[in-house]
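Here's the structure, in structure tokens; my notes come after.
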Amino acid sequence: MSDPSTIAEPTAVAPAAPGVPRRRRRGSGGRGLVITGAVMLVVMLLVVALGPLIAPYPAAQTSPESLAGPSAAHWLGTDSIGRDVLSRMIIGGRSTLLITVVAVALALLAGLVLGLLAGYLGGVVDQVIMRVLDVLFAFPAFLLAIAVVAALGPTIPNLILTIAVVYTPRLARVVRGPVLSVKRWDHVEAARSVGVGEFTLVRRHVLPMVISPILVETSLTLSRTIFTVTALSFLGLGPPPPDPNWGGELSSSRQFMELAPMNVIAPAAAIVFATLTFIVLANGLREMLDVTGRR
Amino acid sequence: MAQVDVPDVPEMAGAPAPLLQVRGLTAEFTSRGQQVPAVNGIDFEVRAGESVGFVGESGSGKSVTARCVMRLEPEGSSISVGGSVRFDGRELLTLSEPAMRDVRGKRIAMVFQDPMTSLNPVLTVGAQVDDMLRRHTSLSRAAARRRTVELLDLVGIHEPGRRADDYPHQFSGGMRQRVLIAIAVSCEPDLLIADEPTTALDVTVQAQILRLLVRLREELGMALMLITHDFGVIAGMVDRVYVMYHGDIVESGPVQDILTSPRDAYTRSLIDAVPRLTATGRGR
Amino acid sequence: MSAPARPAGGTEVRTPGPDAAPSEPLLRVRDLRVTFPPRRGHPAITAVDGVSFDIWPGSTLGLVGESGSGKTTTGRAVLQLQPVQAGSVSLLGKELTGMAGRRLREMRRHMQFVLQNPYSSLHPRMTVERILAEPLQVHHTVPAHQVGARVEELLTLVGLDPAVRRRYPHEFSGGQRQRIVIARALAVDPDFVVCDEPVSALDVRIQAQIVDLLMSLQQRLGVSYLFIAHDLAVVRQIADRVAVMFSGQIVELGAAADVYSAPAHPYTRMLLAAVPVPDPVEQRRRLAAVPEVPDFRGRPPDDPCVFGTDHASAGDAAWHEIGPGHGVSCRFWPPGVEPDGTL
């Protein structure tokens, strides 16, 4: 075998391989947003997880001071029957976030499976899956949720299931798109020629390359779901009382808006904070991973 | 044997100045806050009607050099160019952009490597030749159209009148390159720069395009600056060669000398590595 | 097909000698046909139209042609990476077409693939070690505790420092990456490797190194290559036999020395005449003599064969032996050109 030439091989700066998502230099914008969103998320999850331990009062405990404004005893005031608003916010977040997270996790799982099947197998499988999902996708998510929950009854499992079903098509579509192109990439074909089985091909060679858009879309879906869950509860289709939840609180406090504005502001702020957390995460991830940077 | 600096062309008393005279050309990219040199202060010249080749591997700086002459900043990176590029007595590097636009196309034209992406897919081929003509000449619309058809015929496109109304995707790769050449020579530039003009083409099409370039040079008397990595292409097309490596010109001279008795070790290693159609001692 | 000009030993012989008696071909391809179905606006295309050839152990068949000739599709079809409409591909005596699932994956151990683009054929998020270990794990060719040692062995085999195995592909240059691709192809000791334009994306000095590497590996390991390329000069370095493809068919097939020095088919002659040579006098002569591309499909289908054979009634293929081991198709001869004429 000949010696490598004593003159160095010209080291062209390796171009981003055609087809490989180009990891852009971490723009401080992206990273900053992700860190912010992550911090917000951790704070929110901690507060909600530790709920009953850190809430100053049990959520259902009434008191004679109704519709009181913020005070030392009740940081956010009380509601119409004297329950502490802050505690109700903390504990109310639990069902909202529980439904959100579980529903989106289910939707993600279903979306991954369906998207991978449709994108990788193509052909008839793809057509069938996408047409069925298209039917679901055609309905405005929120109206569909209302219809299903109204029909099935507003229990927590029903809510989780409904929302999972409503958001699966979008996630499946976001998975399917990149899979369609990645499956044709050279390193996938090379691995196939090595003899790697189809299942391992998908898991090891295709999936890692499509993670970025999935992450972004999942964050966005989480923010949309917060909205859907709180809106459903606002309309009375959420978890039934006595469990507090943000949407329900918002709804029932409206009539006292002028007397005790904090009763309305608190749940609204909580909803906005939660939604914003996921939007910030989503935008940060999109910047950082430069999802659009691949050929 | 010590490296001898052979002058590019014999100095003749009273010889006219070269058409293109480049001295101390440098180009640096700014990438991630660092300066990455691409061209390290090179000198070269092209005389009127002469054909000069630039060979080198990827990263040698030959394409960057061509783009500097045309003052076409490569997209994306920020590049700082220094030195002197004198064309027909004028310094190009300090020329205003509008003045440079007058030079591009009319006095110096360029043909690029990839005919697929160099043509606008939504304009007819005739329209693109037309654009070039109207930009630099005062031809009327009808006269420009006639000239367009003439040009397409000149570069060997059959039924040029009909084909002028076709879109790029209706042409093969070789035909597209002919269109690009038609656009480039439409205003009869003094200097044509061709950057890997045949690399993306099949070998038979390549031969035809090269022959077209030879013929056009003869007919129009243009100078040619040909950039390529292929010594076979260089051998048939140019009188003199500059060999580039990592932003420097390591050797230059008449093409026959460079190919048969290169002095520089790098040049020699390049030429040795070129596979020949006849089997070498390497094996078969 | 006819006997090879350079016979090689059987699969168990590691260094095939030129005088070893011809044995069974390692790979036998007969009447391979690949058709792409019609898509919106485009009719169905027959990319590979009845291709046949043999490859002997330890030898290289070069497959040359321009774009659209079908050479890449042929390579992929042989590897069963592309569905085949008709014909047979038999490796080590076993028929590959129609094989599926686990049986096919097991056969893949004997046939590997080196692709053109060194930048995209390696998984960007896997270390070199994992990339090279993958085929070993799929085929269980070495016990798990010896995988690391084998990886080091492979890296050394292709001229890379074993210490680089923890690195990622993007940390290497194009030539080095191609060495990794070659190492991966050789990991499970295959009998046969399809190399699809393995050096086209590399600079000329690295090209030469990689070609040398492939040739020395062939000497050491006795592996056979189907070397697909458009660069005739590169193919001349490495191929024992050469097949020239045009429009999905092989128009000439023979020992490399014969095909290059005495090309019989007008298309082959045109290709060879068009290759630029680094000799100014010769190259200028070539450029001065470039003719229009003749119409290879211009001869009417009912025109008699240029060699005077009536294939229809004889029922045989449109193929003629013009020398030992050197054959040419009578298809695609431009009108008016006869076997003894030059273009």
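Chains as they are written, first to last, in numbering that gives the first Met the number 0: chain A, 0 to 294; chain B, 0 to 283; chain C, 0 to 342.
Glycine included, C-beta positions come from ideal geometry on N, C-alpha and C.
Asked: Mind checking the region 174–192 of chain A against chain C and listing, in chain order, the residues whose C-beta falls within less than 8 Å of any C-beta there?; Found: Trp-184, Asp-185, His-186, Glu-188, Ala-189, Ala-190, Arg-191 and Ser-192
Asked: Verify the contact flag: C:Gln-177, CB atom, against every heavy atom of the ligand SAM, threshold strictly below 7 Å.; Found: For the structure depicted, the ligand SAM is absent and the ligand set is empty, with no information on it obtainable.
Asked: Please list the partners that C:Val-289 has in chain D, where partner means a Cβ-to-Cβ separation under 7 Å.; Found: Here chain D cannot be found, since the structure's protein chains are A, B and C.
Asked: I need the straight-line Cα distance from C:Cys-329 to C:Gln-81, nearest angstrom please.; Found: 28 Å
Asked: Restricting to runs no shorter than 4 residues, where is the alpha helix (DSSP H) found entirely within the region 30–67 of chain A?; Found: 50–53
Asked: Once the 5 residues before and after A:Val-205 are set aside, which same chain residues still bring their CB inside 8 Å of it?; Found: Leu-115, Tyr-119, Val-178, Val-181, Lys-182 and Val-187
Asked: Taking B:Tyr-244 as the reference, which of B:Arg-31, B:Gly-40 and B:Gly-58 has the closest Cα?; Found: B:Gly-58
Asked: List the residues of chain C that A:His-204 touches, going by C-beta distances under 8 Å, in chain order.; Found: His-122
Asked: Among C:Met-110, C:Pro-338, C:Gly-174 and C:Val-150, which one has its Cα closest to the Cα of C:Gln-208?; Found: C:Gly-174
Asked: Just the C-alpha distance for B:Gly-223 and B:Glu-49, rounded to the nearest angstrom, thanks.; Found: Checking the sequence, you will find Leu at residue 223 of chain B rather than Gly. Whole-angstrom Cα-Cα distance: 6 Å.
Asked: Shorter than 8 Å from the beta carbon of C:Gln-344 to some beta carbon of chain B?; Found: What the structure shows of chain C is the stretch from 0 to 342, and residue 344 of chain C is not part of that stretch, so it cannot be assessed.
Asked: With DSSP as the reference, please indicate the residues paired to B:Tyr-241 in a beta bridge.; Found: B:Phe-53 and B:Ser-251
Asked: Evaluate A:Met-137 with the Cβ neighbour count: other Cβ atoms within 10 Å of its Cβ, from every protein chain shown; 16 or more gives buried, anything less gives exposed.; Found: A small correction: the amino acid at residue 137 of chain A is Ala; Met does not occupy that position in the sequence shown. Its Cβ having fewer than 16 others within 10 Å, A:Ala-137 is exposed.
Asked: Using a Cβ-Cβ cut-off of less than 7 Å, give me the residues of the region 218–246 of chain B that come near chain C, in sequence order.; Found: His-228, Asp-229, Phe-230, Gly-231, Val-232, Ala-234 and Gly-235
Asked: What is the DSSP secondary structure of C:Tyr-259, reduced to helix, strand or coil?; Found: helix
Asked: For a cutoff of 8 Å on Cβ pairs, would you count A:Gly-194 as touching chain C?; Found: yes
Asked: So which residues of chain A does C:Phe-35 contact, with C-beta pairs closer than 9 Å?; Found: In chain order: nothing, as chain A lies at least about 14 Å away.
Asked: If you run the structure through DSSP and keep just helix, strand and coil, what is B:Asn-39?; Found: strand
Asked: Closest to C:Val-274 by CA distance: which of B:Val-249, B:Gln-205 and B:Asp-263 is it?; Found: B:Gln-205
Asked: Quick check on the burial criterion: 16 or more other C-beta atoms within 10 angstroms. Buried or exposed for A:Leu-108?; Found: exposed
Asked: So what's C:Glu-251 in DSSP terms, helix, strand or just coil?; Found: strand
Asked: Among the residues of its own chain, which have a CB less than 8 Å from the CB of B:Thr-123, if the five just before and after it don't count?; Found: Ala-163, Asp-164, Asp-165 and Tyr-166
Asked: Do C:Glu-128 and C:Val-113 count as a contact pair if the criterion is CB distance below 8 Å?; Found: no
Asked: Is the CB-CB distance between B:Leu-212 and B:Val-45 below 8 Å?; Found: no
Asked: Starting from the Cα of C:Phe-226, find the closest Cα among C:Ala-99, C:Thr-73 and C:Asp-294 and give me that residue.; Found: C:Thr-73
Asked: Could you please tell me which residues of the region 177–199 of chain C, in chain order, have their CB closer than 9 Å to any CB of chain A?; Found: Val-180, Arg-183, Ala-184, Ala-186, Val-187 and Val-193
Asked: Nearest-angstrom Cα distance between A:Val-195 and A:Asn-282?; Found: 36 Å
Asked: Would A:Pro-207 pass as an interface residue toward chain C - the criterion being a Cβ-Cβ separation below 8 Å?; Found: yes
Asked: If you compare alpha carbons, which of C:Ala-272, C:Arg-29 and C:Gly-335 is closest to C:Pro-303?; Found: C:Gly-335
Asked: Nearest chain A C-beta to C:Phe-112 closer than 8 Å, yes or no?; Found: yes
Asked: Quick check on C:Leu-216: buried or exposed, where buried means 16 or more other Cβ atoms within 10 Å of its Cβ?; Found: buried
Asked: Between the region 252–267 of chain B and the region 64–71 of chain B, do three or more beta carbon pairs fall short of 8 Å?; Found: no
Asked: Between the region 28–35 of chain C and the region 84–98 of chain C, do three or more beta carbon pairs fall short of 8 Å?; Found: yes
Asked: Any contact of the region 240–260 of chain C with the region 51–68 of chain C, i.e. 3+ C-beta pairs under 8 Å?; Found: yes
Asked: Considering just the uninterrupted stretch of the beta strand (DSSP E) at B:Thr-29, what are its terminal residues?; Found: 19–30
Asked: For A:Arg-301, which of helix, strand or coil comes out of DSSP?; Found: As displayed, chain A neither begins before 0 nor continues past 294, which places residue 301 of chain A out of reach and without an answer.
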